[in-house]
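**Q**
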Amino acid sequence: MIVKLKELREKFNITQTELSIKTNISRQTINTLENGSYIPSLKTAKKLSLFFNTSIESIFIFEEEDL
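Position in the sequence shown counted from 1, then plus 1, gives you our numbering.
1) Beta-carbon within less than 7 Å of F52's beta-carbon, same chain only, minus the 5 sequence neighbours each way: which residues are those?
2) Restricting to Cα atoms, I'd like to know which of G37, N14, F63 and A46 is closest to I26.
3) With the cut-off set at 8 Å, would you say I57 and I3 are in Cβ contact?
4) If contacts are defined as beta-carbon pairs under 8 Å, then S50 and I60 qualify, I think. What distance do you get, rounded to the angstrom?
5) Inspect the beta-carbon positions of N32 and Q17 and report whether they are closer than 8 Å.
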């Protein structure tokens with residue numbers, strides 16, 4: 002899985018802590034998502050897509066071996 006979360010967060014010029022507060026997702030979860038070591042739940046992915054006003058697919062790009 003390719004994760005574009007860090008790129009988006011930096012584009013919006015916010016820290017992991019700020020994103021955590023604004024989305025009600027723990028900073029630890031955001032960190033593990035950015036490192037690609039955690040596949041998000043649909044609920045978490047949706048919260049992030051709504052915050053960044055983009056699609057889930059543009060944040061989390063699943064490759065065939067991930068399915």
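Just so it is clear, CB atoms sit at the ideal spot from N, CA and C, and this is done for glycine as well.
**A** Working from what's here:
1) As a position in the sequence shown, residue 52 is number 51, starting the count at 1. Answer for F52: K23 and T24, listed in chain order.
2) Here residue 26 is taken as the residue at index 25 of the sequence shown, counted from 1. Per the Cα distances, A46.
3) Taking the first residue of the sequence shown as position 1, residue 57 is located at position 56. Taking the first residue of the sequence shown as position 1, residue 3 is located at position 2. Cβ atoms of I57 and I3: not closer than 8 Å.
4) Along the sequence shown, read from residue 1 onward, the residue named residue 50 stands at position 49. Along the sequence shown, read from residue 1 onward, the residue named residue 60 stands at position 59. Contact holds; Cβ gap of about 6 Å.
5) Walking along the sequence shown from the start, residue 32 turns up at place 31. Walking along the sequence shown from the start, residue 17 turns up at place 16. Going by C-beta atoms, N32 is nearer than 8 Å to Q17.
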